[in-house]
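There are 2 protein chains.
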Amino acid sequence: MAQLDTIVERNRPLTKGDHLYRQHDNFKSIFAVRSGSFKSYVLNSSGEGRVTGFYLPGEIIGLDGIADHSHANSAIALEHASICEIPFNQLESLSLQLPVLQHNFFSIMGAEITKDQKVHTLLSSYSAEQRITSFLLGLSSRYARVGLSATRFNLPMTRGDIGEYLGLTVETVSRLLTALQKKGVLAVANREIELKDIEALKQIVGADAL
Amino acid sequence: MAQLDTIVERNRPLTKGDHLYRQHDNFKSIFAVRSGSFKSYVLNSSGEGRVTGFYLPGEIIGLDGIADHSHANSAIALEHASICEIPFNQLESLSLQLPVLQHNFFSIMGAEITKDQKVHTLLSSYSAEQRITSFLLGLSSRYARVGLSATRFNLPMTRGDIGEYLGLTVETVSRLLTALQKKGVLAVANREIELKDIEALKQIVGADAL
DNA sequence: CGTCAGTTTGAGCGAGCTCAACGTGAGTGG
DNA sequence: CCACTCACGTTGAGCTCGCTCAAACTGACG
Chain R
883 MAQLDTIVER NRPLTKGDHL YRQHDNFKSI FAVRSGSFKS YVLNSSGEGR
933 VTGFYLPGEI IGLDGIADHS HANSAIALEH ASICEIPFNQ LESLSLQLPV
983 LQHNFFSIMG AEITKDQKVH TLLSSYSAEQ RITSFLLGLS SRYARVGLSA
1033 TRFNLPMTRG DIGEYLGLTV ETVSRLLTAL QKKGVLAVAN REIELKDIEA
1083 LKQIVGADAL
Chain Z
883 MAQLDTIVER NRPLTKGDHL YRQHDNFKSI FAVRSGSFKS YVLNSSGEGR
933 VTGFYLPGEI IGLDGIADHS HANSAIALEH ASICEIPFNQ LESLSLQLPV
983 LQHNFFSIMG AEITKDQKVH TLLSSYSAEQ RITSFLLGLS SRYARVGLSA
1033 TRFNLPMTRG DIGEYLGLTV ETVSRLLTAL QKKGVLAVAN REIELKDIEA
1083 LKQIVGADAL
């Protein structure tokens, strides 16, 4: 892993609104989020965007460019953030020498595929309430994975971003957050959220959590 | 590529309803579809399934098991089918020796990720009519890729399967196929379909085709 | 302290779902 | 070869969840 370290470039910090790359950009590197958060999105012909993913510390962003050497999404910082840039061709070369690295990278891509398929199920069969709940539980465990609180965290994205990601409107997202708060299972004030009853939230999603 | 050939196992043919693997099965191999077609699906706790993908000749199935060495989906043959089985650990070993193979496999996984993200956009922002249309155009170009007709082909899956995949009910799928037929852009009889006006279909989906 | 993006709340509407009934064709057994 | 069956498909009628449109509120930042 020390060898991986040699090819990683620690880039300058990014600030809210900075693009990491844009749709159709030439693909050169993947990025590991060190701090802060990003969203990826696509623009349709009428100029409106759809959010395709959120990326938190410890997660990998940019895999959408591997297939055809050009990014399918744009990626933008949601707040102050820093990243590690990993040039893809160097990663490939090094993977030929380090079986563990190759194996890990296959796993990372496999995990992305599995995650996307779960989102597919979520979008094709869950109600609005289940989508929001599942989304919040997902954020919770992703924050927990990097040692942050699983019950109290900040939403780095807007209600609109959440809506685009989950296939809902801003209004629906807002209304449901209020409704869940009235149920007492969570408390939300602006971007700050506290999950007060994880078990109840899991029950809303159904036995099969995301 | 001749070396890849040495690790591929050409399995016995499968018939409609045969499982290639089941959810939670230990992951051992990925499969290339040689003929016929498959669907992958997950069962939720209440026993109902959601289709997560369709696999046609020339496509790779089983990538959902790479991440945690266990399949996230079940895969079942929709008709008589044959496959090539590629043991994954052998593929990994060989990839260490053949840079081209490693590169190609990264590309294949990257393509799967890009495809899944397009489905995400489809499910989160398209109307029922756009979903069906986009789905049919997708099938069309996938059949064309292996030398079959892009305008006339058989639907190997049921209306129910299509509905589960697209997040619609059987009734909606059926109604929309009838409606599209009345518009004159396609003709459908049972499983046989003819796309009569590809341009019109693309227009329904919008400028950004899937 | 004004501005503007983001958020909330309300009222009405409609796309797609639910429930129900009927049609159809491929496979099976007599 | 026909009758039966059962999964699959179609069509209709009514309802509901989430969308649309509209208006007001909040807070961050210049």
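Chains as they are written, first to last, in the working numbering: chain R, 883 to 1092; chain Z, 883 to 1092.
All residues carry an ideal CB built from backbone N, CA and C; glycine is no exception.
Quick caveat, the model's predicted, so the values are computed rather than measured.
Would you call the CB atoms of residue i and residue j closer than 8 Å?
i                       : j                       : result
residue 860 of chain Z  : residue 943 of chain Z  : Missing from the structure shown is residue 860 of chain Z; chain Z here goes from 883 to 1092 and no further.
residue 1066 of chain R : residue 1079 of chain R : yes
residue 995 of chain R  : residue 988 of chain Z  : no
residue 897 of chain Z  : residue 959 of chain Z  : yes
residue 1083 of chain Z : residue 1037 of chain Z : no
residue 1060 of chain Z : residue 932 of chain R  : no
residue 1025 of chain Z : residue 1017 of chain Z : no
residue 889 of chain Z  : residue 973 of chain Z  : yes
residue 963 of chain Z  : residue 920 of chain Z  : yes
residue 940 of chain Z  : residue 1001 of chain Z : no
residue 982 of chain Z  : residue 1014 of chain Z : no
residue 945 of chain Z  : residue 992 of chain R  : yes
residue 906 of chain Z  : residue 953 of chain Z  : yes
residue 1077 of chain R : residue 1022 of chain R : yes
residue 886 of chain R  : residue 976 of chain R  : yes
residue 1070 of chain Z : residue 1063 of chain Z : yes
Identify the continuous beta strand (DSSP E) that holds residue i and give its terminal residues.
i                       : result
residue 934 of chain R  : 931 to 937
residue 901 of chain R  : 901 to 903
residue 1077 of chain Z : 1074 to 1077
residue 921 of chain R  : 920 to 925
residue 958 of chain R  : 956 to 959
Taking the alpha helix (DSSP H) that residue i belongs to, which residues open and close that run?
i                       : result
residue 1030 of chain Z : Unbroken run through residue 1030 of chain Z: none, as it is neither H nor E.
residue 987 of chain Z  : 981 to 1007
residue 1061 of chain R : 1052 to 1065
residue 1068 of chain Z : Premise fails: residue 1068 of chain Z lies in the beta strand (DSSP E), 1068 to 1071, not in any alpha helix (DSSP H).
residue 1082 of chain R : 1080 to 1087
residue 1042 of chain R : 1041 to 1048
Does any C-beta atom of chain Z lie closer than 8 Å to the C-beta of residue i?
i                       : result
residue 1001 of chain R : yes
residue 991 of chain R  : yes
residue 913 of chain R  : no
residue 932 of chain R  : yes
residue 998 of chain R  : yes
residue 857 of chain R  : As displayed, chain R neither begins before 883 nor continues past 1092, which places residue 857 of chain R out of reach and without an answer.
residue 986 of chain R  : no
residue 945 of chain R  : yes
residue 1005 of chain R : yes
residue 958 of chain R  : no
residue 1074 of chain R : no
residue 974 of chain R  : yes
residue 954 of chain R  : yes
Kindly identify the DSSP beta-bridge partner or partners of residue i.
i                      : result
residue 891 of chain R : R:967
residue 914 of chain Z : Z:942, Z:966
residue 977 of chain Z : Bridge partners of residue 977 of chain Z: none, in fact.
residue 896 of chain Z : Z:963
residue 952 of chain Z : Z:908
Please confirm whether residue i has its beta-carbon closer than 8 Å to some beta-carbon of chain R.
i                       : result
residue 1023 of chain Z : no
residue 978 of chain Z  : yes
residue 1020 of chain Z : no
residue 1011 of chain Z : no
residue 1087 of chain Z : no
residue 926 of chain Z  : yes
residue 1048 of chain Z : yes
residue 995 of chain Z  : yes
residue 1044 of chain Z : no
residue 1016 of chain Z : no
residue 908 of chain Z  : no
residue 968 of chain Z  : no
residue 1081 of chain Z : no
residue 965 of chain Z  : no
residue 884 of chain Z  : no
residue 948 of chain Z  : yes
Tell me whether residue i counts as near the ligand ADP, meaning its Cβ is closer than 7 Å to at least one heavy atom of that ligand.
i                       : result
residue 1030 of chain Z : The ligand ADP is not part of this structure, which contains no ligands at all.
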